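Just below is one structure, and these are the notes that go with it.
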Amino acid sequence: MSALFEGPELMHSGHTGCPGCGATLAMKLALRALGSDTILVIPACCWAIIAGNHPQSALGVPVLHTGFATTAAAASGVRAALDCRGERDTTVVGWAGDGGTFDIGLQALSAAAERGEDFIFICYDNEAYMNTGVQRSSATPYATRTTTTPGGLGKLTGKKDIMAIMAAHRIPYAATASIGYPEDLMRKVKRAAAIRGGTRFLHIYASCPTGWGFAPQYSVKAARLAVQCNLFPLYEVEDGERYILNARGDQPVAACLGLQTRFRHLAPADLAAIQAQVDRDWLRLRRKAAAQADPPILPGSDYNGVL
Ligand SMILES: Cc1ncc(C[n+]2csc(CCOP(=O)(O)OP(=O)(O)O)c2C)c(N)n1
Ligand SMILES: [Mg+2]
């Protein structure tokens with residue numbers, strides 16, 4: 013087993029996540045990388061309930077529950093309080109869903125990043141407002157059916173490029189990660205924790221069987237396929253300008269979308285349009301990382317198991 017997994021297990025059984033919940037796996041991996049000297053700040057989202065009701069908790073670290081819009085402001089305050097007490101070693105992590113990051117949490121996140129607040133902001137992205145019943149967010153991809161984009165093609169606009177927004181703040185470190193690639197995810201969490209000063213941002217792809225429409229045992233497979241199809245590229249951005257690609261996909265988007273009922277309505281022409289957009293986005297990313305040699309094609313799109 014990789015040395016990355018040697019940390020203590022801080023996420024325990026008894027949580028209330030759905031079977032196959034990618035956000036739950038994301039937390040398990042991230043906490044393992046962060047260690048016990050961590051404080052989480054969690055707004056309204058699935059994760060506000062997954063740990064369980066007070067005084068029970070499936071998490072071995074303290075959690076501050078906060079309002080939907082205020083993750084980054086609350087994390088700034090926790091950091092300041094710890095600094096006043098001389099507790100510099102404690103890592104503060106804002107942990108929000110895509111709604112709490114791309115949408116309602118964006119103003120507070122932007123402000124904190126601009127102030128250079130010293131914490132890690134982790135967005136676990138399940139591409140909709142899952143806790144309240146699968147409503148679309150600005151992280152929901154083009155042509156997705158949700159309960160608020162129920163008919164026709166589904167959502168008519170594309171996914172917001174949150175990484176470009178965060179890179180534009182010139183924060184020291186931003187990275188995408190996926191529950192499909194645990195070692196890459198944990199390496200990035202550790203890297204973000206090792207940087208002190210400045211806001212660090214992680215965008216973690218967290219598949220959701222309930223909202224996306226696939227059987228729970230395919231969560232990891234769905235996440236891996238998104239990387240393999242370049243729908244969710246894995247990359248890092250240093251100081252807002254140095255782009256490092258970690259993987260390169262070689263599969264058609266249909267391989268990933270075909271697994272999920274939220275895309276079941278798509279006709280071949282729709283899939284072709286999505287493929288063309290993904291190819292353009294991938295080329296744009298390649299250009300940003302222009303000086304870099306070809307990243308590897310990661311193995312495992314046929315992986316069906318659970319970790
Ligand atoms: C100000 C405010 N508006 C709406 C809500 C209701 N609400 C609670 S969780 C949630 C969805 C959160 O979506 P996301 O951040 O993507 O996390 P997920 O539920 O998908 O894990 C909403 C709309 C709220 N708690 N506070
Ligand atoms: Mg969500």
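Going left to right, the sequence shown walks through residues 13 to 319 as my numbering numbers them. Every residue, glycine too, gets a C-beta built ideally from N, C-alpha and C. Since we're looking at a predicted model, the values are computed, not measured.
Within the present structure, is the beta-carbon of residue i separated from the nearest heavy atom of ligand 1 by less than 7 Å?
i       : result
Ser-149 : yes
Gly-32  : no
Phe-213 : no
Trp-294 : no
Asn-138 : yes
Gly-112 : yes
Ala-81  : yes
Thr-158 : no
Ala-56  : yes
Ala-35  : yes
Trp-59  : yes
Thr-222 : no
Thr-78  : no
Thr-152 : no
Thr-28  : no
Thr-144 : yes
Does the Cβ of residue i lie closer than 7 Å to at least one heavy atom of ligand 2?
i       : result
Tyr-141 : yes
Gly-109 : yes
Asn-258 : no
Just to confirm, is the Cβ distance from residue i to residue j under 8 Å?
i       : j       : result
Gly-26  : Ala-70  : yes
Pro-307 : Gly-32  : no
Ser-48  : Gly-64  : no
Thr-156 : Gly-166 : yes
Pro-245 : Leu-297 : yes
Thr-78  : Ile-62  : no
Ala-2   : Val-232 : The structure shown does not extend to residue 2, since the chain spans only 13 to 319, so no value can be given for it.
Leu-237 : Ile-216 : no
Ser-149 : Gly-111 : yes
Tyr-255 : Ala-301 : yes
Ala-120 : Val-104 : no
Gly-252 : Ala-179 : yes
Gly-109 : Asn-138 : yes
Ala-218 : Tyr-136 : yes
Glu-126 : His-181 : yes
Ile-174 : Phe-114 : yes
Leu-271 : Leu-278 : no
Gln-287 : Leu-257 : no
Val-249 : Ala-151 : no
Tyr-193 : Leu-310 : yes
Leu-22  : Arg-199 : no
Ile-191 : Ala-38  : yes
Leu-41  : Val-75  : no
Compute the beta-carbon to beta-carbon distance between residue i and residue j, rounded to the nearest angstrom, for a pair I have assumed lies under 8 Å.
i       : j       : result
Ala-320 : Phe-133 : Only positions 13 to 319 of the chain appear in this structure, which leaves residue 320 out of reach.
Thr-211 : Ala-124 : 6 Å
Val-265 : Val-239 : No, Val-265 and Val-239 are not in contact; Cβ-Cβ is about 12 Å, not under 8 Å.
Gly-19  : Asp-130 : With 8 Å as the limit, Gly-19 and Asp-130 do not qualify as a contact, their Cβ atoms being about 21 Å apart.
Val-146 : Gly-34  : 14 Å between Cβ atoms; not a contact.
Phe-226 : Ala-235 : Not quite, the Cβ-Cβ distance comes to about 11 Å (not below 8 Å), so this is no contact.
Leu-94  : Thr-102 : 5 Å
Cys-241 : Ala-267 : 6 Å
Cys-58  : Asn-143 : 4 Å
(message) Report the start-end ranges of each alpha helix (DSSP H) in the region 146 to 209 that is 4 residues or longer and not cut off at the edges.
(response) Taken in chain order, the whole alpha helix (DSSP H) runs of length 4 or more contained in the region 146 to 209 are 174 to 179, 194 to 206.
(message) To test your reading of the DSSP string, which unbroken alpha helix (DSSP H) runs of 4 or more residues are found completely within the region 44 to 88?
(response) Fully enclosed alpha helix (DSSP H) runs of 4 or longer: 59 to 62.
(request) Give, in chain order, every unbroken run of the alpha helix (DSSP H) that is at least 4 residues long and sits entirely within the region 252 to 286. (result) The alpha helix (DSSP H) runs of length 4 or more contained entirely in the region 252 to 286 are, from start to end of the chain, 265 to 269.
(request) Within the region 217 to 256, note down every full beta strand (DSSP E) run reaching 3 residues or more, in order along the chain. (result) List check, beta strand (DSSP E) in window: 247 to 250.
(request) Would you list, in sequence order, the uninterrupted beta strand (DSSP E) runs of no fewer than 3 residues that lie entirely inside the region 18 to 43? (result) Entirely contained in the region 18 to 43, not one beta strand (DSSP E) run reaches 3 residues.
(message) Quick check on the DSSP output: what are the complete alpha helix (DSSP H) runs of length 4 or more inside the region 88 to 132, in order along the chain?
(response) If you keep only unbroken alpha helix (DSSP H) runs of at least 4 residues inside the region 88 to 132, you get 118 to 127.
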